[in-house]
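Read the structure below first, then the notes.
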Amino acid sequence: MSDLMKVSSNPHVRSKVTTSSIMMMVVIALLPAAGFGIYNFGIDALILIVVTVASTVLTEFAYEKLMKKKVTIGDYSAVVTGLLLALNLPSSAPWWIGALGGIFAILVVKMLFGGLGQNFMNPALAARCFLLISFTSIMTNFECDTYTGATPLAALKSGEPVDILSMVIGRTSGTIGETSMIAIVLGACFLILLGVIDLRIPGSYIASFVIFACLFGGHGFDPAYISAQLAGGGLMLGAFFMATDYVTRPITKNGQYVYGILLGILTGIFRIFGPSSEGVSYAIIIGNLLVPLIEKITLPTAFGMKGGKRA
Amino acid sequence: MDNSNSMERLYNGLVKENPTFVLMLGMCPTLAVTTSAMNGLGMGLTTMVVLALSNMIISLLRNIIPDKVRIPAFIVVIASFVTMVELLLEGFIPALYDALGLYIPLIVVNCIILGRAEAYASKNPVIPSLFDGIGMGLGFSFALTCIGAVRELIGAGEIFGLHIMPDSYVPCAIFIMAPGAFFVLAALTAVQNKIRINGERKGKDMSKIQSGCSEDCMNCNEKGCSHRFYGEGKESGQK
Numbered sequence: 003m004s005d006l007m008k009v010s011s012n013p014h015v016r017s018k019v020t021t022s023s024i025m026m027m028v029v030i031a032l033l034p035a036a037g038f039g040i041y042n043f044g045i046d047a048l049i050l051i052v053v054t055v056a057s058t059v060l061t062e063f064a065y066e067k068l069m070k071k072k073v074t075i076g077d078y079s080a081v082v083t084g085l086l087l088a089l090n091l092p093s094s095a096p097w098w099i100g101a102l103g104g105i106f107a108i109l110v111v112k113m114l115f116g117g118l119g120q121n122f123m124n125p126a127l128a129a130r131c132f133l134l135i136s137f138t139s140i141m142t143n144f145e146c147d148t149y150t151g152a153t154p155l156a157a158l159k160s161g162e163p164v165d166i167l168s169m170v171i172g173r174t175s176g177t178i179g180e181t182s183m184i185a186i187v188l189g190a191c192f193l194i195l196l197g198v199i200d201l202r203i204p205g206s207y208i209a210s211f212v213i214f215a216c217l218f219g220g221h222g223f224d225p226a227y228i229s230a231q232l233a234g235g236g237l238m239l240g241a242f243f244m245a246t247d248y249v250t251r252p253i254t255k256n257g258q259y260v261y262g263i264l265l266g267i268l269t270g271i272f273r274i275f276g277p278s279s280e281g282v283s284y285a286i287i288i289g290n291l292l293v294p295l296i297e298k299i300t301l302p303t304a305f306g307m308k309g310g311k312r313a
Numbered sequence: 003m004d005n006s007n008s009m010e011r012l013y014n015g016l017v018k019e020n021p022t023f024v025l026m027l028g029m030c031p032t033l034a035v036t037t038s039a040m041n042g043l044g045m046g047l048t049t050m051v052v053l054a055l056s057n058m059i060i061s062l063l064r065n066i067i068p069d070k071v072r073i074p075a076f077i078v079v080i081a082s083f084v085t086m087v088e089l090l091l092e093g094f095i096p097a098l099y100d101a102l103g104l105y106i107p108l109i110v111v112n113c114i115i116l117g118r119a120e121a122y123a124s125k126n127p128v129i130p131s132l133f134d135g136i137g138m139g140l141g142f143s144f145a146l147t148c149i150g151a152v153r154e155l156i157g158a159g160e161i162f163g164l165h166i167m168p169d170s171y172v173p174c175a176i177f178i179m180a181p182g183a184f185f186v187l188a189a190l191t192a193v194q195n196k197i198r199i200n201g202e203r204k205g206k207d208m209s210k211i212q213s214g215c216s217e218d219c220m221n222c223n224e225k226g227c228s229h230r231f232y233g234e235g236k237e238s239g240q241k
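As they're listed, the protein sequences go chains A and B.
Just so you know, we're using the numbering used here here: the first sequence kicks off at 3 and counts up by one.
Just so you know, we're using the numbering used here here: the second sequence kicks off at 3 and counts up by one.
Take a look at the structure:
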């Protein structure tokens with residue numbers, strides 16, 4: 003399309019915000035979680051993060067070179083995908099898991115559907131689910147040098163006691179980036195203060211999950227149980243960084259509330275009634291699939307229109 | 003009809019109008035049973051037998067079957083052959099019978115068979131119809147075996163049960179589950195399209211829509227010509 007075709011009517015908003023600046027901010031916001039993951043799990047985590055990010059960026063570069071398209075790795079979206087995917091891997095995973103996941107995320111989920119803005123699912127989460135289904139034993143092996151036991155969520159599900167303080171700080175086993183609630187919330191506050199994300203989706207997601215867990219968790223309103231559910235697993239990472247992905251969330255305001263509530267309910271169902279102790283990834287990608295429908299039913303009425311008819 | 007026409011029918015079914023990669027027919031068995039190369043081949047050959055025999059019988063009966071009830075009549079013929087094949091499989095190859103399970107009786111509603119009966123056998127002589135069935139069946143078997151082989155190779159490290167990949171290879175289990183069928187079918191169709199487009203660039207005639215009527219339009223008085231059938235989609239009898 004020529005540039006002439008893109009001209010719209012005034013007023014024109016000028017802004018310094020670009021895709022790459024937003025993506026850069028997301029990368030910065032993820033650094034505390036990534037840093038804590040490296041501190042918590044050691045050099046393995048660092049290697050896995052580097053390999054995964056390199057894999058996503060190189061895949062995007064190679065695909066666009068091969069297809070003779072404009073190379074878009076400068077917008078950092080591939081870096082965000084790679085980093086998010088790496089934070090969702092257990093530190094004990096071999097390096098090729100990260101590489102394969104990165105290739106799948108970019109090539110199949112993002113590029114084949116038309117690149118950034120066209121993907122119907124969050125690439126990092128789709129890749130994580132791909133890996134989880136394909137290599138279940140590797141992806142659920144959270145044993146490493148520091149920790150040998152089950153993840154806090156698995157322990158919670160089987161009724162064992164959990165230490166909530168260490169879950170909030172993050173000194174537990176789990177995937178690289180999900181363990182520390184503090185580090186994630188720190189990054190999320192940074193994004194919220196800069197206006198990159200808002201609280202509509204994370205707020206409605208977490209609130210509806212808490213209500214669901216109170217109603218169906220089997221513990222009633224037990225603060226210890228609820229806070230362990232909140233601090234454990236990928237809920238915080240998912241709610242603040244993956245459910246809020248610009249491409250795969252609804253664009254209507256009401257739709258975002260609907261989407262958040264839906265994610266909360268789905269996560270609750272997967273965690274409480276499902277065979278696995280974790281369900282954030284599946285909840286978010288199922289939510290992604292329903293986004294077109296949510297947008298359709300929550301389309302705001304245009305000014306001057308009432309009840310679908312001209313006033 | 004001469005022999006070259008029979009060969010043309012085989013080529014048409016295998017390459018030009020490959021039921022899976024070109025016509026995109028019979029997706030249900032294609033996606034469901036291709037968990038291994040052996041299952042794919044078994045399903046393909048079973049379908050081929052039914053397809054060739056039902057094409058032959060329907061072609062023989064083409065002047066007797068009234069136009070208005072042709073679909074039920076075709077189904078009766080096809081279902082008879084499927085029942086025979088099912089009983090034979092159960093008796094002689096029980097392993098394959100167990101692996102294919104429900105998908106054997108479902109061959110009755112396989113749209114390739116009904117599609118070929120409607121588009122070709124019901125308006126062409128016996129010998130070309132037989133070869134049309136064999137050609138289409140071979141094309142279907144070839145496609146299913148390819149999909150099954152790729153899925154088995156990636157998902158289990160084997161082809162036809164033979165261990166091929168090195169021991170250090172970790173099977174990517176998603177490929178022998180449902181999503182893998184979609185990945186592999188899409189990838190193989192893309193490869194097939196690429197080959198066809200390259201062939202067309204080199205000037206070879208590989209256009210896919212010109213069959214069913216033996217290219218003899220002068221002597222053809224069929225109103226529902228398959229050229230129209232596929233070309234314009236006026237008759238959407240197959241899904």
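All residues carry an ideal CB built from backbone N, CA and C; glycine is no exception.
Predicted, not measured: the structure shown is a model, and the values here were computed from it.
- Annotation: residue 38 (chain A) has no Cβ neighbours in chain B at a cutoff of 9 Å; minimum Cβ distance is about 29 Å.
- Between the alpha carbons of residue 265 (chain A) and residue 85 (chain B) lies a gap of roughly 48 Å.
- A Cβ-Cβ distance of about 6 Å is found for the pair residue 102 (chain B) and residue 44 (chain B), placing them in contact under the 8 Å criterion.
- Of all C-beta pairs linking the region 169 to 181 of chain B to the region 134 to 150 of chain B, fewer than three are shorter than 8 Å, placing the two stretches out of contact.
- Under the Cβ criterion (8 Å, minimum of three pairs), the region 65 to 75 of chain A does not count as touching the region 35 to 48 of chain A.
- Proximity of the region 79 to 99 of chain B to the region 7 to 15 of chain B falls short of the contact definition, fewer than three beta-carbon pairs being nearer than 8 Å.
- Counting along the chain, residue 135 (chain A) sits inside the alpha helix (DSSP H) bounded by residues 125 to 136.
- Burial is judged here by how many other beta carbons sit within 10 angstroms of a residue's own beta carbon; residue 106 (chain A) has at least 16 and is buried.
- Counting only runs of at least 4 residues, the region 139 to 216 of chain B fully encloses the following alpha helix (DSSP H) elements, listed from N- to C-terminal order: 180 to 203.
- Bounds of the alpha helix (DSSP H) holding residue 33 (chain B) are 29 to 35.
- Close partners of residue 172 (chain B) in chain A (Cβ separation under 8 Å): 137 and 140.
- At least one CB of chain A lies nearer than 8 Å to the CB of residue 176 (chain B).
- Under a criterion of Cβ atoms nearer than 8 Å, the residues of chain A adjacent to residue 179 (chain B) are, in order, 135.
- Within the region 106 to 134 of chain A, the residues whose Cβ lies closer than 7 Å to some Cβ of chain B are 132, listed in chain order.
- Among the bridge pairs identified by DSSP, residue 92 (chain A) is matched with A:177.
- One thing to note: residue 105 (chain B) has its Cβ within 8 Å of the Cβ of residue 34 (chain B).
- Ranked by Cα distance from residue 52 (chain A), the options A:101, A:133, A:28 and A:292 are led by A:101.
- Using a 10 angstroms sphere on the CB of residue 196 (chain B), the tally of other CB atoms stays under 16, which defines it as exposed.
- Each of A:98, A:24 and A:92 was checked against the Cα of residue 78 (chain A), and the nearest Cα belongs to A:24.
- In the three-state DSSP reduction, residue 253 (chain A) falls in the coil class, being neither helix nor strand.
- In this structure, B:15 is the residue among B:190, B:15, B:200 and B:70 with its C-alpha nearest to the C-alpha of residue 53 (chain B).
- Taken in chain order, the unbroken stretches of alpha helix (DSSP H) that lie wholly in the region 45 to 114 of chain A and span 4 residues or more are 45 to 68, 79 to 89 and 97 to 105.
- A residue is called buried when at least 16 other Cβ atoms come within 10 angstroms of its Cβ; residue 39 (chain B) meets this threshold and is buried.
- Annotated three-state conformation of residue 57 (chain B) is helix, per DSSP.
- Counting only runs that start and end inside the region 225 to 308 of chain A, the alpha helix (DSSP H) elements of at least 4 residues fall at 225 to 233, 255 to 270 and 282 to 299.
- Between residue 137 (chain A) and residue 194 (chain A), the C-beta spacing is not below 8 Å.
- Across the set A:121, A:62, A:222 and A:201, the C-alpha of A:201 shows the shortest separation from the C-alpha of residue 256 (chain A).
- No residue range can be given for residue 19 (chain B), since it is assigned to no alpha helix (DSSP H) and is classified by DSSP as neither H nor E.
- Bounds of any alpha helix (DSSP H) do not take in residue 142 (chain A), whose DSSP letter is neither H nor E.
- Contact annotation: residue 287 (chain A) and residue 141 (chain A) have beta-carbon atoms that are not nearer than 8 Å.
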